[in-house]
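Residues 2 to 105 (our numbering) make up the sequence shown, in order.
Below is one structure, written out as structure tokens; comments come after it.
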Amino acid sequence: MIPLSVIPGAGVTVAATGSSVSGAIVMGENDNAIYVTNTSTTLHVAVRVGTSTPTAVLTTDPVIPPNGTILLAANNLISSVAAIGSAAGPTNVTFVPCTLASSF
């Protein structure tokens, strides 16, 4: 799949701390990815998505650097997100469901 365009949906922001913090997300019918932004200028954050309340883990989940972003492959069954900061924080982590258009 080649991302030709990103159609953003409604997002959710969680205030990540030194412990995993979760939130609910609503994926659209055609959403197949989640665009995640770490708004901290100093802290790294790890993120996880799932169909029930996930727990983010710094040592095993994707880590986003300060002021960084990541695009996670997903499906429209995802209903929860979680983030954990590398220190107490809090730092806002924004999850935005989106649809990636393919080149086909």
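Ideal Cβ positions, reconstructed from N, Cα and C, are used throughout, including at glycine.
On a predicted model such as this, the values are computed, not experimentally measured, just so you know.
Scanning its chain for C-beta atoms nearer than 7 Å, with the 5 sequence neighbours on each side dropped, one finds around residue 54 the residues 23 and 81, in chain order. In the three-state DSSP reduction, residue 39 falls in the strand class (E or B). Measuring C-alpha to C-alpha distances from residue 61 to each of 85, 44 and 96 identifies 85 as the nearest.
In the structure shown, the three-state DSSP call for residue 21 is coil. According to DSSP, residue 46 shares a beta bridge with 65 and 86. The beta-bridge partner set that DSSP reports for residue 73 consists of 35. Residue 101: member of the beta strand (DSSP E) spanning 92-101, first to last residue. Across the set 76, 33, 66 and 31, the C-alpha of 66 shows the shortest separation from the C-alpha of residue 48. Taking residue 70 as the centre and dropping the five residues before and after it, the same chain places the C-beta of 36, 37, 38 and 39 closer than 8 Å to its C-beta, in chain order. Listed in chain order, the non-local C-beta contacts of residue 88 below 7 Å within the same chain comprise 19 and 44, local neighbours out to five positions each way being set aside.
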